[in-house]
Structure formats: structure tokens, C-alpha cells
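Visitor:
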Amino acid sequence: MTDVAPVQVDLPFFLSRARRWMLLFLLVFGVISGLGLLIAAALPTVYRAEALLVVESEQIPDELAASTVQTNASEQLQIIEQRVLSRDVLISLADRLRIYASEGRPGADALSAGDIVSDLRSRILIGPSTDGRNATPTDALLVRIGFDSPNPDVAAAVTNELVTLILQEDVATRVQLARQTQLFFEQEVDRLEKDLAARSIEIQSYKEQNITALPDSLMFRRQDLAVIEERMVQLDRSRRVLLDQIDRIDRLTGGQPAAEDAPADAEATSPRTGLTTRDVRRGDLVTELGYLDEEREQLVARAEELRATIAETPRVGIRLEAMERDYQNVRSQYDLAIGNLAKAEIGELIESMAKGRRISVIEQAVRPDRPYSPNRPRIALIAIVGALAAATGLIMALEMLRNVVRRPEDIVAVAGDRMVMTLPHVRTQREVVALWVAWGAIGIAVFALVAFALMFPDEVARLKAAVVDRAREMLPARLGGGF
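Below, the structure is given as C-alpha cells:
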């Protein structure tokens, strides 16, 4: 097995190649990093003021008194957000606070209403806040309100105004919903009261029209009919007795009842000769028989009337039962509406006194001390790292793509041992001009870096702290403590 020759690193060669491409490296690095720094410096400063709200639960337990507004908290926030971000509200907000005039925005007077609405909607932040933790359904719902502006005072003023609008809209929305619920049940109670009154009048009128055939008096009418039938039986018995007596008198008188056909009063008052006691008795019996027949006719008529009403009673009872069933159904709806109206009145009272679910302020918006965006240290760091990577990649690509002789060993590898001597590289006029251009670009990059450091000392300090912290994280603990 042959030994593998150790790899030798020609450090002077690599240093010479680095010196060879140093100007191009510095040129690319300076141009890219300078552009990045200029972009970081030129980006407009934006301040964000934020306020924190919380959606509180009902202050009165539902077991004691429940609010009639049962809208979900997230749904309620979405409704409020849409109303606050409506066109009329945003235009009124911009005019009332003079947002664009306070920001010094050029051409603010020429902005159309649509441009104002679109711009403000893009700068307003309304959303839930979890503060980096996983929210659970039992956690309180936190809402973060923010506004972006180049003027920190405007950002704070607009954010606080948005908070005021949200609180007012929340109260107004919940009170409006509670009052609408109360109004609905008031109208329902009035409607059912009228319906009950109409059905009561209808039932009363039907009872008056069919008073003789009502189911309530059926038992009494049957008893009356039984009494009448019993009385008719007695009358028939008495009538047969009277007929027998009359027939007996007629047989005793020889079957000639001519004198008896006259009225009894006439016989009693007319002084006839030959009038016997039998004749008087027969007249009395005939008169009594007339009374019995008259009474029987009346009883027959009354019995027929009772039978007719008794036969009519089932139909009247069915109709009356249906009417009363409808009345009871309406009455149950009325009782339920009365109970719901009482609950709606309590719910409206709860919302009017702000004892239900409500939105309250945890943190008011204050004037921001530092810009929210752009993150100039991050942009500058990205530009420097990108410039370094681009310059290094370009140099490596040029070295790998150029198939040229770079050192005497390459010539020896091609020509063999016949090489006599090597000559150093002599710069041409073009290379001299390129060198000056490279140094100029480097000077521009250095100037941009110095200007950035002077214009934004706080951002430079933040960048320095971020670099130190990152380096401390990357280095071992025993080495990082010296920073």
C-alpha cells in the first residue's frame, strides 16, 4: 500500500491571489454595502404607538341575571373593527386630528377620500395579542391597537382616538342589541295580547250563539230530558185513567154523550133542566184531559228541543275545544314572551350599566421613544454580510473560470524544465484606472458608513450590541466572557 503524499498549502500563492483581487473585492464590497447603508439611511422613519385592551367577562353571574347579548368576543371584535374602519369614520378621524397636516406629508390636500381610507387602513393595527404564548379558550382575550406614523405624537394621538372609538362602539353595539331584543319581545307581547283578546271574544261569541248546546250544560239537559220523559209517562198514565173514567160515564149514560160535548163552564153556568151529576163529572174529566194534553204537547216540544241540543253538543264541543286549544297555545306563547321580556329588560339594564361583557383599557398608547421601522441595524448588517458574500463569490468564480497560468509551477507543468526565468506582472493603464475607481468606491462606502454612524448613533449602538450578543452566543462560554 502506497503512502499518500500530504497536501501542502501554498500560503504565499493564496496571499498573492488575494492581493491580486483585493481591489475588485473591495470595489464590489464597497458598492453593495454602500448601497445597503444608503437604503437603510434613506428609508422613512415610522413610529408605532400601541395600546392594549382586554375583553372582560360578565360581572354578574349568568345564574342570577344573564345578558341578552350573547355575541362571541371574537365576532364582536370583528364587527367593531369593521365599523371603526368604515369610510366615514376614517375620513372624520383624519379631518378631526389633522393627521396628514401634522405629519407634514406633501400633497396632503390633494389626497382623495379613497386614498385617505386606503392609507389609514394600511397603517392601523387591530388584532389579538398573545404576547408570544399559546392562548387557550379560558384565557382573557387581549387586543392590541396600533397606528404607524412618521410623527410619534400623531401615532400616539391616533391610537388613543381609536381606543376611544372602539370603547364607544362596543358600548353602543351591546346596548343597541339589548334594546333591539327588548323591543322585539315588547312587540311580541303586544301582538299576543291582541291575539288573546280576539280569541277570547271569538270563544265568547260562539258560546252565546250555541248557549243551549254547550258541553257544560249537557248533564243538566239530560237530567231535564229524563224528568220530562218521566213526566210524560205520568201524563200518559193519568190520561189513560181519565179516558177510562170518561168511557165508563159514557157507558152509564147509554152511549149518548151529546150533552157532554159542550164546554164545562157553559154546563156549570147554564141552568139546564135534566142535568145530572155524571154530566158535570164528565165535563170536568174532559177539561182535565185537555189540560193534560196541553201539558204533554209542551213537554214533547221541550223534549225535542233538548234532544236536538244534546245531538248538537258533540259538534259544538269539538269546535269549542279546538278554539280553546288555540287559545291555550297562544296563552303559552304569551306567558313565554312575558318571561322573555322580563329577561330582555334585565339584559338591557345590565348593558346600560356596563355590567356585561365589555372591553376595557389595560395600557394607553404613549409617545414612542424609538422608531418601529425600518430596522436600520438589521438592514445594514444584511447589506454588509451580503456584500461580503457577493464579493467573495465573485472572486472565487473568476478564479475558477479563468484557465490561465498563475505561478511558475504551472509553467513548469506545461513547458517542463526548459523555463529559464519568470517576469513579474506589470499593470497596464486600464488596470491603473480600474484601481483608482476601486479606491474611489471604497472611499464612497467608507463615507456612507461614517455618515450612517453620525446620522443614526442609536441604531449603530444597537447594531454593535446585536453583533456582540450574537458573537457571544456563537463562541464558547470560556471565550465569550471576555467581550
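Take 1 as the starting number for the sequence shown in the UniProt record's numbering and just add one per residue.
Even glycine gets a Cβ: it sits at the ideal position worked out from N, Cα and C.
Determine, using beta-carbon pairs with one atom in the region 307-319 and one in the region 202-219, whether at least three such pairs fall under 8 Å.
Guide: yes
Visitor: What whole-angstrom Cβ distance do residue 334 and residue 193 have, given they're in contact under 8 Å?
Guide: 7 Å
Visitor: I'd like the span of the alpha helix (DSSP H) that includes residue 206, first residue to last.
Guide: 152-209
Visitor: Between the Cα of residue 368 and the Cα atoms of 56, 157, 126, which residue gives the shortest distance?
Guide: 157
Visitor: Among the residues of its own chain, which have a CB less than 7 Å from the CB of residue 77, if the five just before and after it don't count?
Guide: 143
Visitor: Over what stretch of residues does the alpha helix (DSSP H) that includes residue 327 continue unbroken?
Guide: 277-352
Visitor: Pair every Cβ in the region 161-178 with every Cβ in the region 334-354, then say whether three or more of these pairs are closer than 8 Å.
Guide: Taking 8 Å as the limit for Cβ pairs, the verdict is that the region 334-354 does touch the region 161-178.
Visitor: Is the beta carbon of residue 146 closer than 7 Å to that of residue 50?
Guide: yes
Visitor: Alpha carbons only, please: which of 33, 22, 21 is nearest the one belonging to residue 388?
Guide: 33
Visitor: May I ask which residues mark the beginning and end of the beta strand (DSSP E) holding residue 127?
Guide: 124-128
Visitor: Give me the Cβ distance between residue 43 and residue 457, rounded to the nearest whole Å; I'm assuming they're in contact under 8 Å.
Guide: With 8 Å as the limit, residue 43 and residue 457 do not qualify as a contact, their Cβ atoms being about 17 Å apart.
Visitor: By alpha-carbon positions, which one of 386, 399, 284, 455 ends up nearest to residue 31?
Guide: 386
Visitor: Note down the Cα distance separating residue 260 from residue 282, rounded to an integer number of angstroms.
Guide: Low per-residue confidence applies at residue 260: pLDDT is 41, beneath 50, and the placement is therefore not dependable enough to give any value.
Visitor: Report the three-state DSSP secondary structure of residue 5 (helix, strand or coil).
Guide: Low confidence applies to residue 5: its pLDDT is 45, below 50, so where it sits in the model is not reliable, and the reading given next is rough at best. Coil.
Visitor: Residue 251: buried (16+ other C-beta within 10 angstroms of its C-beta) or exposed?
Guide: Exposed, since its Cβ has fewer than 16 Cβ neighbours within 10 Å.
Visitor: Determine which residues share a DSSP beta bridge with residue 50 and list them.
Guide: 146
Visitor: Quick check: the Cα distance between residue 241 and residue 288, rounded to an integer number of angstroms?
Guide: 11 Å
Visitor: For a test of the three-state rule: what should DSSP assign to residue 105, helix, strand or coil?
Guide: DSSP places residue 105 in coil when its eight states are reduced to three.
Visitor: According to DSSP, what are the bridge partners of residue 359?
Guide: The secondary-structure analysis by DSSP pairs residue 359 across a beta bridge with 55.
Visitor: My output table needs one value for residue 112: the three-state DSSP class, helix, strand or coil.
Guide: coil
Visitor: Determine the burial state of residue 344: buried for a count of at least 16 other Cβ atoms within 10 Å of its Cβ, exposed for fewer.
Guide: buried
Visitor: Residue 43 by DSSP, collapsed to three states: which one?
Guide: Under the three-state reduction of DSSP, residue 43 is assigned to coil, being neither helix nor strand.
Visitor: Please name the residue in 295, 198, 181 whose C-alpha comes closest to that of residue 231.
Guide: 295
Visitor: Along the chain, where does the alpha helix (DSSP H) containing residue 97 start, and where does it finish?
Guide: 87-97
Visitor: Label residue 364 either buried or exposed according to how many other C-beta atoms from any shown protein chain fall within 10 Å of its C-beta, with 16 as the threshold for buried.
Guide: exposed
Visitor: When burial is assigned at 16 or more other CB atoms within 10 Å of the CB, is residue 377 buried or exposed?
Guide: Under the 10 Å beta carbon count, residue 377 is surrounded by 16 or more other beta carbons and is classified as buried.
Visitor: May I ask you to report which of helix, strand or coil DSSP gives residue 214?
Guide: coil
Visitor: Rounding to the nearest angstrom, what Cα-Cα distance links residue 286 and residue 233 in this structure?
Guide: The straight-line gap from Cα to Cα measures roughly 19 Å.
Visitor: Give the straight-line distance between the Cα atoms of residue 28 and residue 21, rounded to the nearest whole angstrom.
Guide: 11 Å
Visitor: If you compare alpha carbons, which of 390, 361, 379 is closest to residue 38?
Guide: If you compare the alpha carbons of 390, 361, 379 with that of residue 38, the shortest gap goes to 379.
Visitor: Rounded to whole angstroms, what is the Cα-Cα separation between residue 164 and residue 382?
Guide: 40 Å
Visitor: Beta-carbon within less than 8 Å of residue 35's beta-carbon, same chain only, minus the 5 sequence neighbours each way: which residues are those?
Guide: For residue 35, same chain residues with a beta-carbon under 8 Å away, outside a window of 5 residues either side, are 383 in chain order.
Visitor: Comparing alpha-carbon positions, which option in 120, 52, 195 lies nearest residue 332?
Guide: For the options 120, 52, 195, the alpha carbon positioned closest to that of residue 332 is the one of 195.
Visitor: Comparing C-alpha positions only, which one of 443, 279, 372, 184 sits nearest to residue 337?
Guide: 184
Visitor: Hey, out of 85, 198, 307, whose CA is closest to residue 326's CA?
Guide: Restricting attention to 85, 198, 307, the CA atom closest to the CA of residue 326 is found in 198.
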